[in-house]
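Report on the structure given below.
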Amino acid sequence: MSNKLNIEKLVLKLLHYYICLPSEHIPSLQSRLVEDLQAGDDLLDFILEIQSQLNLKIPISSWEKVRTVQDIIDLVKMLSENMGQG
Numbered sequence: 024m025s026n027k028l029n030i031e032k033l034v035l036k037l038l039h040y041y042i043c044l045p046s047e048h049i050p051s052l053q054s055r056l057v058e059d060l061q062a063g064d065d066l067l068d069f070i071l072e073i074q075s076q077l078n079l080k081i082p083i084s085s086w087e088k089v090r091t092v093q094d095i096i097d098l099v100k101m102l103s104e105n106m107g108q109g
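Have a look at this one:
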């Protein structure tokens, strides 16, 4: 699942589940995780699940730079592509 559209769909699906967003609430790619989506401790479960679903190991230092939904998509896409090259 290395194409951006599939990654975007997976990220949004898992955010809805782990952050318990109402089904009618569709976050924009620029939505900030903490400020706009009210994400908190549930982000840890989200992080573990996205790594499991995509078979990726994402360093904590990379997650510390993530602020928006788009940041997650970009990070996952970059690491997925790097794995494919290695």
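When we follow the working numbering, the leftmost residue of the sequence shown carries the number 24, and every step to the right adds one.
The beta-carbon is built from N, C-alpha and C at its ideal position, and this holds for glycine as well.
- For S84, the enclosing alpha helix (DSSP H) has its first and last residue at 83-86.
- In this model, L102 and Q74 are separated by some 11 Å (Cα to Cα).
- Rounded to whole angstroms, H39 and N105 show a C-alpha spacing of 27 Å.
- S85 and I95 have their alpha carbons spaced roughly 10 Å apart.
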